[in-house]
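Enquirer: Dumping the structure here so I can ask a few things about it.
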Amino acid sequence: MASENNKRKASEEALSPDSQLQSKKARTDSPEREPKVCFFDTGMLSAECANGNLKSEGGPLGKPPLRIVPFPEKPAVLEERRGEIEFRVVNNDGSRDSFVVLTGLKCIFQKQLPKMPKDYIARLVYDRSHLSIAIVKHPLEVVGGITYRPFNSRRFAEIVFCAISSDQQVKGYGAHLMSHLKDYVKATSPIMHFLTYADNYAIGYFKKQGFTKEITLDKSIWMGYIKDYEGGTIMQCTMLPKIRYLEIGRMLLKQKEAVHAKIRAFSRSHIIHAPPKEWKNGACKIDPLSIPAIKQSGWSPDMDELARQPRHGPNYNQLLHLLNDMQNHSAAWPFTQPVNRDEVPDYYEVIKEPMDLSTMEEKHEKDMYPTPQDFIKDAMLIFDNCRRYNNENTPYAKSANKLEKFMWQQIRNIPEWSHLADGH
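Residues in the sequence shown are numbered from 1 upward in steps of one, following full-length UniProt numbering.
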C-alpha cells in the first residue's frame with residue numbers, strides 16, 4: 001500500500017507531467033501465494049476426541065487436523081501473477097504512456113457503450129479531474145478499465161464508465177478490476193463510497209460487486225455533483241474499512257469453512273456411510289427409509305417433492321424485465337417510492353389504495369403477481385391514482401400517461417400477452 005506521504009489526490013492537484021507511468025500502477029497487487037487455504041477442522045477434532053483417537057505428548061488433546069482447501073482462482077488473477085497483465089491508475093498528466101492508455105480506454109468505452117456520444121466519452125476520459133484504472137497487457141494494450149471522478153471532500157467517487165473488451169469478458173477481469181479499484185481508492189484517499197448510473201445490462205454486474213439500488217448517502221452530499229443519465233439506475237457501494245477486496249475470495253472461503261467446521265462439530269451430515277447391502281450385486285430400487293442414516297435424519301419423500309418445486313412462477317422473469325424497464329423509464333421518477341406523508345399531507349385522504357414501483361418490486365419478489373393481469377392491476381393503480389390526485393396538465397399526470405403508454409407498448413411486444421393490450 002502507498003504510504004501516507006505518497007497518497008495520490010488527483011481531484012485536488014494535477015500529477016507532475018514527468019512522472020513515470022510505472023509509478024502509477026495500482027498498489028493493490030494480488031498476493032504472490034499459492035491458491036490454497038489451510039484450516040483447523042474443529043468438527044473433525046470433536047469426532048476424534050469422541051472416539052478417543054486423538055493423542056499428544058501433553059495429554060489427550062493435540063492440534064486439530066489441518067485441512068488444505070483448494071482455492072480456485074480466476075484467469076485474471078493468474079495472468080496478473082504471471083505478469084501478463086497489470087492494473088495501472090492513470091489520468092491526463094501529459095505523459096506519452098498515459099495518453100496511450102487513456103486512448104485505449106476511450107476506444108473500448110466507445111465500442112462497448114454505443115449509446116454514449118463518442119465526443120462525450122473522450123471529453124471525460126481525458127478530463128484531468130477524472131482518474132482511470134486500466135487493465136494493460138504488454139506492450140500498452142488496454143483490454144478494459146474504469147473511469148471515475150473522486151470527490152475527496154465529500155468522501156465519494158462517481159464511476160463514470162466501466163467496460164471490458166468484448167473478447168476478454170470470460171476471464172474474471174471485471175470483478176478483479178473492481179477489487180483493485182476499491183483497494184486503491186481506499187488506500188489513497190478518504191473516499192468510502194461509490195455512486196454510478198447503471199443501464200439494464202450493467203445492473204447485474206454492479207450487484208455482484210456489492211452495489212445496491214438503495215441509496216443511503218444523503219442527497220445533499222451527491223446531488224448536483226454527479227452526471228444524471230436518462231434511463232439509468234443509480235446504485236451505491238459503501239466500502240468496509242477493514243476489508244482488503246483483493247483478498248475477499250479467500251476471506252469468504254475461510255468463513256465458509258469455519259461455519260462448516262462448526263456444523264460438523266454438532267452434526268453427522270459429513271459422515272460417509274457404506275452403500276446398502278442390497279446393492280452388492282448392482283444398484284436396484286430400495287426404500288430410502290430402509291437406510292438407517294436416512295431414517296435418522298428425519299427425511300421424508302415430501303421434502304424431495306418440495307425441493308423440486310420452482311422457486312418462482314412461470315411469469316416471474318418476464319414480469320421482472322417489464323418492471324425493470326418501467327423503473328428505468330424517464331417518466332418513472334414520480335412513482336419510484338411511496339408518496340411522502342410529510343410532503344403531501346392530504347394525499348392518503350384522497351387516495352385510499354396507494355401504489356408505487358418499489359412496492360410492486362417487493363410484491364413481485366414475494367410472488368404476489370402469479371399472472372400478468374395481477375401486475376397490470378397494480379400498475380394501473382399507480383397511473384389512476386396519479387391522475388386522480390393531480391391536474392392533467394401537471395408534470396405528474398403527464399408522466400403517468402407516458403409511463404402507461406410505455407407499459408402497453410412493452411406488453412404488445414410479448415406475443416403471449418399481446419391480447420391484454422387490446423383497446424389500449
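Yeah, the Cβ is synthetic: ideal placement off N, Cα and C, and Gly gets one too. All of these numbers come straight from a predicted model, not from anything done at the bench.
Taking 8 Å as the threshold, find out whether the stretch 413-424 comes into contact with the stretch 352-362 through three or more Cβ pairs.
Expert: The stretch 413-424 vs the stretch 352-362: no contact.
Enquirer: Report the three-state DSSP secondary structure of Phe335 (helix, strand or coil).
Expert: Three-state result, Phe335: helix.
Enquirer: From Asp228, Pro345, Asn385 and Gly249, pick the residue whose C-alpha is nearest to that of Lys208; which is it?
Expert: Answer by Cα proximity: Gly249.
Enquirer: What residue does the beta strand (DSSP E) around residue 444 start on, and which one ends it?
Expert: The structure shown does not extend to residue 444, since the chain is modelled only from 1 through 424, so no value can be given for it.
Enquirer: To which residues of the same chain is Ala157 closer than 7 Å at the C-beta, ignoring the five residues directly before and after it?
Expert: Excluding positions up to five away in sequence, the list reads Tyr148, Arg149, Pro150, Phe151, Val185, Ile191 and Phe194.
Enquirer: Which of the three DSSP states is assigned to His193 in this structure?
Expert: Reduced to three states, the DSSP call for His193 is strand.
Enquirer: Let's test the definition: count the other Cβ atoms within 10 Å of the Cβ of Met368 and tell me whether it reaches 16, buried, or not, exposed.
Expert: Exposed, because fewer than 16 other Cβ atoms sit within 10 Å of the Cβ of Met368.
Enquirer: Buried or exposed: where does Leu306 fall if 16 or more other Cβ atoms within 10 Å of its Cβ makes it buried?
Expert: Exposed, because fewer than 16 other Cβ atoms sit within 10 Å of the Cβ of Leu306.
Enquirer: In three-state DSSP terms, what is Val170?
Expert: In the structure shown, Val170 sits in coil (DSSP, three-state: anything other than H, G, I, E or B).
Enquirer: Candidates Ser290, His364 and Asn340: which alpha carbon is nearest residue 425's?
Expert: What the structure shows of the chain is the stretch from 1 to 424, and residue 425 is not part of that stretch, so it cannot be assessed.
Enquirer: So who's on the other strand from Thr371, going by DSSP bridges?
Expert: Its beta-bridge partners do not exist; DSSP assigns none.
Enquirer: Check the C-beta distance from Ala163 over to Phe109 and give it rounded, since I have them as a contact under 8 Å.
Expert: Yes, Ala163 and Phe109 are in contact; Cβ-Cβ is about 5 Å, under 8 Å.
Enquirer: In whole angstroms, what is the alpha-carbon distance linking Ala76 and Ser179?
Expert: If you take the alpha carbons of Ala76 and Ser179, they lie about 12 Å apart.
Enquirer: Between Leu177 and Ile135, which are expected to be in contact by the criterion C-beta below 8 Å, what is the C-beta distance as a whole number of angstroms?
Expert: About 6 Å separates the two Cβ atoms, so the contact holds.
Enquirer: Pull up the distance between the alpha-carbon of His312 and that of Ile203, whole angstroms please.
Expert: His312 and Ile203: Cα-Cα distance of roughly 21 Å.
Enquirer: Quick check on Val160: buried or exposed, where buried means 16 or more other Cβ atoms within 10 Å of its Cβ?
Expert: Classification of Val160: buried, given that the 10 Å Cβ count is 16 or more.
Enquirer: To test your reading of the DSSP string, which unbroken alpha helix (DSSP H) runs of 4 or more residues are found completely within the stretch 237-316?
Expert: Within the stretch 237-316, the complete alpha helix (DSSP H) runs of at least 4 residues are 248-266, 292-297 and 301-308.
Enquirer: Under the assumption that Asn328 contacts Gly231 (Cβ atoms under 8 Å), give the Cβ distance between them as a whole number of angstroms.
Expert: With 8 Å as the limit, Asn328 and Gly231 qualify as a contact, their Cβ atoms being about 5 Å apart.
Enquirer: Look at the alpha carbon of His260 and the alpha carbon of Ile68, and state the distance between them as a whole number of angstroms.
Expert: Cα-Cα distance, rounded: 14 Å.
Enquirer: Considering only DSSP beta bridges, list what Gly145 is partnered with.
Expert: According to DSSP, Gly145 bridges with Ala134 and Ala163.
Enquirer: Are the beta-carbon atoms of Gly172 and Lys242 separated by less than 9 Å?
Expert: Cβ distance not < 9 Å, so Gly172 and Lys242 don't count as in contact.
Enquirer: Residues bridged to Phe109 by DSSP?
Expert: DSSP, once it has assigned bridges, lists no residue as partnering Phe109.
Enquirer: If you check the beta carbons only, do Tyr225 and Asp199 fall under 9 Å apart?
Expert: Going by C-beta atoms, Tyr225 is not nearer than 9 Å to Asp199.
Enquirer: From Glu361 to Met223, what distance separates their C-alpha atoms?
Expert: If you take the alpha carbons of Glu361 and Met223, they lie about 25 Å apart.
Enquirer: Pick out whichever of Leu253, Asn385 and Pro310 has its Cα sitting closest to the Cα of Pro70.
Expert: Answer by Cα proximity: Leu253.
Enquirer: Would you mind sorting Asn385 into buried or exposed? The rule is 16 or more other CB atoms within 10 Å of its CB.
Expert: Buried, because 16 or more other Cβ atoms sit within 10 Å of the Cβ of Asn385.
Enquirer: Helix, strand or coil for Arg88, going by three-state DSSP, please let me know.
Expert: DSSP places Arg88 in strand when its eight states are reduced to three.
Enquirer: Are Leu105 and Ser132 closer than 9 Å when you measure CB to CB?
Expert: Yes.
Enquirer: For Ile68, which three-state DSSP category applies?
Expert: Of the three classes helix, strand and coil, the one that applies to Ile68 here is strand, per DSSP.
Enquirer: For Ala202, which of helix, strand or coil comes out of DSSP?
Expert: Coil at Ala202, not helix or strand.
Enquirer: Quick check on this structure: which residue in Val142, Asn390 and Arg244 has the alpha carbon closest to the alpha carbon of Thr99?
Expert: Note on identity: in this sequence residue 99 is Phe, with Thr being the wrong assignment. The shortest C-alpha separation from Phe99 is found at Val142.
Enquirer: Between Phe211 and Met239, how many whole angstroms is the CB-CB distance? I'm expecting something under 8 Å.
Expert: Incorrect: roughly 11 Å between the Cβ atoms, too far for contact.
Enquirer: DSSP on residue 497, reduced to helix/strand/coil?
Expert: What the structure shows of the chain is the stretch from 1 to 424, and residue 497 is not part of that stretch, so it cannot be assessed.
Enquirer: Output needed for residue 426: all residues of its chain with C-beta closer than 6 Å, excluding positions within five of it in sequence on either side, in chain order.
Expert: The requested residue 426 is not part of the displayed model; the chain covers only 1 to 424.
Enquirer: My guess is that Leu381 and Ala332 are in contact by the Cβ rule of under 8 Å, so how many angstroms apart are they, rounded?
Expert: About 15 Å; that fails the 8 Å criterion.
Enquirer: Would you mind stating whether Ala400 and Pro334 have Cβ atoms separated by less than 9 Å?
Expert: Cβ distance < 9 Å, so Ala400 and Pro334 count as in contact.
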